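Here it is, written out as structure tokens:
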């Protein structure tokens with residue numbers, strides 16, 4: 047594991063924090079835009095206008111809010127008392143470190159497929175509960191490996207129900223809004239062609255099975271970590287017993303208002319399913335509505351749900367701050383014509399057969415610089431969609447290839463692991479020592495899947 051620890055330390059030395067990275071990428075795009083406009087006051091002002099047009103783009107602002115709500119509402123469900131109760135019961139099931147690691151990986155990947163915010167937090171909570179249960183029962187186990195298994199869902203999330211690129215592509219007019227030229231792109235790509243397609247289902251299922259097989263091998267090879275961990279019990283943070291309501295505030299503590307709203311939302315979704323009789327209605331707003339309804343049901347009252355949102359919103363600070371800067375980069379690339387130039391370069395490098403592989407590999411690299419799937423799609427999506435269209439590649443193949451690359455290097459990028467590291471008290475270097483191997487098995491699965499099924 048020592049080589050992986052050294053790699054992780056080197057990664058931190060040469061790559062700044064996420065806000066610093068956004069600044070560096072913005073500076074590079076700004077200079078490139080300015081070089082096209084000319085080094086003059088007029089050129090400088092034009093470049094500033096390009097930056098601001100992207101920064102405050104109305105459609106992209108809507109995109110920001112959608113991604114925040116998906117994260118926050120999923121996080122809220124993960125910290126609900128009912129979910130916590132069942133996770134705690136499940137933590138008592140394993141009788142060995144091997145069983146615990148397999149269960150942690152299964153819970154993480156299943157929850158992340160449903161919603162990446164849910165999987166991220168539920169996986170972290172479950173690892174902590176597992177660790178405490180095993181330690182209390184004096185069962186030998188490898189705690190950092192449990193953490194890696196609990197984080198593994200972030201390597202399959204983009205092929206699931208909350209994938210940023212797949213959901214936005216299902217929204218009418220989104221694809222055409224990303225490109226500046228009149229390409230023959232469809233108005234939308236239904237989730238039946240991406241999330242629920244046979245190729246994505248097979249690749250995602252094979253990735254899950256491969257990860258669990260690897261986790262089992264690692265648990266057998268490294269049954270106990272050399273580091274000693276003290277894992278105290280974990281208690282839910284949402285507790286209304288200390289709160290007292292008076293007057294009209296009592297309404298927020300009652301169950302019926304929250305349940306009424308939830309039932310109305312579920313009834314609306316059910317009516318859409320019956321009316322549409324297909325998956326064409328599935329988009330980010332539908333996912334958000336679903337998460338809101340079940341969050342209200344699980345927390346039981348408006349007050350409890352509000353407290354959970356107060357806690358969950360902290361996890362969205364990076365999205366809220368960084369997305370406008372990513373959009374500014376888009377403005378600099380799009381309005382200067384740099385997007386077209388980069389697209390032509392892409393087309394010259396890859397032929398029709400290898401283009402999906404090229405998208406996959408480039409997406410995995412860009413994810414190290416822009417760790418948000420939504421932010422990365424906003425920046426990289428226009429380039430790969432235009433290049434793919436020129437090469438005759440279907441949008442769904444381009445989108446899924448992008449999604450696999452984006453999720454792959456989450457195993458090396460510690461940005462989204464912060465909640466897990468905080469909850470479990472595992473060090474990043476200990477975690478990445480194992481997630482590095484998970485990334486390698488994912489690389490093989492996704493590479494072969496794209497090559498053979500696309």
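Numbering (my numbering), first residue to last: 47 to 500.
In this text, a Cβ means the ideal position worked out from N, Cα and C, and glycines have one as well.
Treat the numbers as computed from the prediction; the structure is a model and nothing was measured.
Would you report the Cα separation of residue i and residue j, rounded to the nearest angstrom?
i           : j           : result
residue 482 : residue 83  : 43 Å
residue 385 : residue 141 : 55 Å
residue 354 : residue 95  : 40 Å
residue 457 : residue 203 : 12 Å
residue 112 : residue 335 : 11 Å
residue 274 : residue 472 : 11 Å
residue 67  : residue 182 : 42 Å
residue 163 : residue 136 : 20 Å
residue 543 : residue 77  : Since the displayed the chain opens at 47 and closes at 500, residue 543 lies outside it and no answer follows.
residue 420 : residue 70  : 19 Å
residue 191 : residue 207 : 26 Å
residue 447 : residue 200 : 16 Å
residue 85  : residue 149 : 59 Å
residue 474 : residue 262 : 21 Å
residue 174 : residue 269 : 18 Å
residue 316 : residue 305 : 16 Å
residue 50  : residue 298 : Low local confidence applies: a pLDDT of 48 at residue 50 is under 50, so the model's placement there is unreliable, with the coordinate-based value given in what follows. Answer to the nearest angstrom: the Cα atoms are 50 Å apart.
residue 410 : residue 451 : 4 Å
residue 169 : residue 382 : 43 Å
residue 459 : residue 294 : 47 Å
residue 132 : residue 177 : 16 Å
residue 485 : residue 241 : 21 Å
residue 264 : residue 400 : 33 Å
residue 155 : residue 254 : 7 Å
residue 144 : residue 185 : 11 Å
residue 101 : residue 360 : 22 Å
residue 319 : residue 332 : 11 Å
residue 252 : residue 205 : 12 Å
residue 391 : residue 412 : 16 Å
residue 147 : residue 322 : 41 Å
Is residue j closer than 7 Å to residue i when the C-beta atoms are compared?
i           : j           : result
residue 296 : residue 342 : no
residue 165 : residue 158 : yes
residue 301 : residue 346 : yes
residue 449 : residue 209 : yes
residue 193 : residue 454 : no
residue 425 : residue 496 : no
residue 388 : residue 416 : no
residue 489 : residue 197 : no
residue 344 : residue 128 : yes
residue 438 : residue 398 : yes
residue 348 : residue 278 : no
residue 122 : residue 350 : no
residue 216 : residue 236 : yes
residue 167 : residue 195 : no
residue 99  : residue 479 : no
residue 189 : residue 271 : yes
Going along the chain, which residues of its own chain have a beta-carbon closer than 8 Å to the beta-carbon of residue i, five neighbours each way excluded?
i           : result
residue 493 : 403, 406
residue 314 : 335
residue 395 : 404
residue 139 : 145, 149
residue 423 : 210, 211, 214, 448, 452
Excluding sequence positions up to five away, which residues of its chain have a Cβ less than 7 Å from the Cβ of residue i?
i           : result
residue 431 : 221, 224, 225, 231, 441, 444
residue 105 : 223
residue 371 : 68, 72
residue 218 : 233, 234
residue 339 : 308, 311, 312
residue 229 : 432, 435
residue 469 : 170, 171, 174
residue 160 : 206, 207
Can you name, in chain order, every residue of its own chain whose Cβ lies under 6 Å from the Cβ of residue i, other than the five neighbours on each side?
i           : result
residue 256 : 487, 491
residue 362 : 114, 117, 118
residue 499 : 245
residue 330 : 112, 213
residue 249 : 495
Assuming residue i and residue j make a contact with CB atoms under 8 Å, what is their CB distance in whole Å?
i           : j           : result
residue 88  : residue 80  : With 8 Å as the limit, residue 88 and residue 80 do not qualify as a contact, their Cβ atoms being about 11 Å apart.
residue 180 : residue 172 : Not really, about 12 Å apart at Cβ, beyond 8 Å.
residue 368 : residue 109 : Not really, about 13 Å apart at Cβ, beyond 8 Å.
residue 501 : residue 393 : Lying before the first or after the last residue shown, residue 501 is absent from the chain, which here runs from 47 to 500.
residue 379 : residue 75  : 6 Å
residue 373 : residue 103 : 6 Å
For the ligand MN, is there a heavy atom less than 6 Å away from the beta-carbon of residue i?
i           : result
residue 142 : Of ligands this structure carries none, so the ligand MN is not represented either.
Unbroken alpha helix (DSSP H) runs of length 4 or more, entirely within the segment 155-182: which are they? 162-182
For a minimum of 4 consecutive residues, which ranges assigned as the alpha helix (DSSP H) are wholly contained in the segment 365-420?
384-395, 401-415
_Those runs of the alpha helix (DSSP H) which lie wholly inside the segment 289-367 and span at least 4 residues_ = 296-299, 301-322, 330-345, 348-358
| field | Whole alpha helix (DSSP H) elements within the segment 219-263, 4-residue minimum | value | 220-224
- Item | Every unbroken alpha helix (DSSP H) inside the segment 450-483 [4 residues or more] | 464-470
Pick out the complete beta strand (DSSP E) segments inside the segment 107-163, 3 residues or longer, and give them in chain order.
none
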